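Enquirer: Before I ask anything, here is the structure I am working with.
Structural data, given as structure tokens:
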């Protein structure tokens with residue numbers, strides 16, 4: 001859902017429609033290049049900066065964010081973060097060359113969700129790029145996507161206003177007319193290149209409160225660069241013998257299935273920065289009905305850089321195995337991992 005913003009006009013008017021004044025707060029900046037334009041109003045190849053910002057007056061999704069609920073809805077195009085998008089304004093990059101700047105504003109609570117969830121922030125980046133493409137009637141390069149080490153391009157984000165009637169408008173149909181319909185699963189793939197020729201570009205670490213002077217290691221890209229498969233893929237009955245790393249426990253009790261009804265088991269997966277273990281690069285949390293770390297099997301599969309998670313409690317649950325695509329920066333023949341288990345919340349933590 002994208003709403004179109006315009007710069008606030010102080011001159012006013014007697015018959016001005018009802019509008020909502022928005023004064024966005026900067027969060028982080030996306031940088032890329034224009035590769036095509038249907039309107040012919042922009043210079044092809046010019047850089048474009050997208051200031052991702054927030055304000056508590058922007059509408060929120062009807063369904064609050066919960067990964068286990070929301071990600072299936074995203075995959076079926078039934079959930080998205082409303083984005084208010086400004087018109088492009090002309091600026092200059094650090095080399096003095098002409099560039100364009102757009103602002104994408106979301107609700108402040110949505111920005112808090114994005115700061116805590118790596119997958120959601122990757123999806124928001126794609127949505128912001130698509131929203132700007134709709135606003136500019138242009139195509140923005142995914143190969144040149146980068147994240148400058150600044151919260152906004154320019155001295156400030158101008159006050160903007162959005163027509164209240166636009167808050168109920170549906171721009172999805174127009175967006176589909178501008179470009180080919182994309183598979184929603186691609187929102188969970190890496191469609192950005194972090195490499196850029198400018199010195200001020202870096203990984204998307206602004207959301208984590210880091211800057212150029214921070215000693216915190218940069219967060220690796222969330223998804224493998226060539227990935228064309230879902231972030232979390234259910235494997236089925238594939239055995240753990242296909243994995244090539246140590247399991248979560250060195251020994252596993254052999255369970256013999258007993259007669260009686262068995263239940264389906266679901267894994268609720270969260271990925272984020274391992275703030276409790278700075279030496280690790282990524283933390284994966286898995287919550288389920290399993291009551292012990294010994295009930296899990298965890299291994300790294302080097303051939304496709306995946307984290308394999310299955311369980312041993314086939315007495316009470318049907319077999320289940322999932323493969324989680326890991327950041328390409330973690331790819332290794334022998335990736336080290338460690339695990340812990342919180343019995344209170346029945347959550348296993350995997351540190352990579």
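In full-length UniProt numbering, the protein residues as written are 1 to 352. Beta carbons are placed, not taken as given, at the ideal position from N, Cα and C, and that holds for glycine. For clarity, every value in this text was computed on a predicted model and none was experimentally measured.
#1: Might you give, ordered along the chain, the residues of its own chain that have their beta carbon closer than 6 Å to the beta carbon of residue 102, omitting 5 neighbours on each side?
#2: Starting from the Cα of residue 346, find the closest Cα among 266, 113 and 80 and give me that residue.
#3: Suppose only complete runs of 3+ residues qualify. What are the beta strand (DSSP E) ranges in the segment 281-346, listed by chain order?
#4: Measuring alpha carbon to alpha carbon, tell me which of 315, 73, 55 and 54 ends up nearest residue 62.
#5: Let me check understanding here. Comparing Cα to Cα, which of 135, 296, 279 and 96 lies closest to residue 84?
#6: Going along the chain, which residues of its own chain have a beta-carbon closer than 8 Å to the beta-carbon of residue 178, five neighbours each way excluded?
#7: Within its chain, find whatever has a CB closer than 6 Å to the CB of residue 271; leave out the 5 residues flanking it on each side and keep chain order.
#8: Run through DSSP, which three-state label would residue 160 get?
#9: Residue 295 to residue 341, Cα distance in whole Å?
#10: Can you name the residues that DSSP bridges to residue 270?
#11: Would you kindly report the start and end of the unbroken beta strand (DSSP E) that includes residue 31?
#12: Count the other CB atoms within 10 Å of the CB of residue 78; is the residue buried (16 or more) or exposed (fewer)?
#13: Counting along the chain, where does the beta strand (DSSP E) carrying residue 377 start and finish?
#14: Could you give the residue range of the beta strand (DSSP E) that holds residue 90?
#15: Quick check: residue 337 and residue 162, are their CB atoms within less than 7 Å of each other?
#16: Throw me the rounded Cβ distance for the residue 124 and residue 81 pair, which I believe falls under 8 Å.
#17: What residue range does the alpha helix (DSSP H) around residue 100 cover?
#18: Could you give the residue range of the beta strand (DSSP E) that holds residue 140?
#19: CB-CB under 7 Å to residue 154, same chain, minus the five flanking residues each way: which ones, in chain order?
#20: Taking the alpha-carbon positions, what's the residue 71 to residue 304 distance?
#21: Who are the near neighbours of residue 140 in its chain, counting only those whose CB is closer than 8 Å to its CB and skipping five residues on each side?
#22: Taking only three categories from DSSP, how would you classify residue 223?
#23: Using the C-alpha atoms, what's the distance from residue 159 back to residue 27?
#24: If distances are taken between C-alpha atoms only, which option among 152, 262 and 57 comes closest to residue 316?
Expert: Straight from the coordinates:
#1: Contacts found: 50, 86, 88 and 132.
#2: Of the candidates 266, 113 and 80, 266 places its Cα closest to the Cα of residue 346.
#3: With a minimum length of 3 residues, the continuous beta strand (DSSP E) runs that stay inside the segment 281-346 are 283-287, 296-301, 306-311, 321-325 and 338-342.
#4: Here the closest residue by C-alpha is 73.
#5: Taking only the C-alpha atoms, the option nearest residue 84 is 135.
#6: Residue confidence for residue 178 is low, a pLDDT of 45 falling below 50, so the modelled location carries little weight; the figure read from the coordinates is stated next. Annotation for residue 178: 38, 133, 134 and 137 place their beta carbon closer than 8 Å to its own, counting only its chain and skipping 5 residues before and after.
#7: Cβ neighbours of residue 271 within its own chain (closer than 6 Å, five residues either side excluded): 118 and 284.
#8: Reduced to three states, the DSSP call for residue 160 is strand.
#9: Each residue's alpha carbon lies about 11 Å from the other.
#10: Residue pairing by DSSP puts residue 270 in a beta bridge opposite 285.
#11: In the DSSP assignment, residue 31 falls within the beta strand (DSSP E) that extends over 25-37.
#12: It is exposed - the Cβ of residue 78 has fewer than 16 other Cβ atoms within 10 Å.
#13: In the structure as shown, the chain starts at 1 and stops at 352, and residue 377 therefore has no counterpart that could be examined.
#14: 89-92 is the extent of the beta strand (DSSP E) around residue 90.
#15: Their beta carbons are not under 7 Å apart, which means residue 337 does not touch residue 162 by this criterion.
#16: Cβ atoms of residue 124 and residue 81 come within 8 Å of each other, at about 6 Å.
#17: Per DSSP, residue 100 belongs to no alpha helix (DSSP H); it is in the beta strand (DSSP E), 98-106.
#18: Annotation: the continuous beta strand (DSSP E) that includes residue 140 extends over 138-140.
#19: Only residues of its own chain outside the window of five on either side were considered, and among them 91 and 101 have a CB closer than 7 Å to the CB of residue 154, listed in chain order.
#20: Straight-line Cα distance between these residues: approximately 23 Å.
#21: Once the five neighbours on either side are set aside, the close Cβ partners of residue 140 are 32, 33, 34, 35, 48, 129, 132 and 133.
#22: Because residue 223 sits at a pLDDT of 39, beneath the cut-off of 50, its placement in the model cannot be relied upon, and the following sentence gives the value as read from the coordinates. Three-state result, residue 223: coil.
#23: So the alpha carbons of these two residues sit roughly 15 Å apart.
#24: Taking each of 152, 262 and 57 in turn and checking the Cα distance to residue 316, the smallest one comes out for 262.
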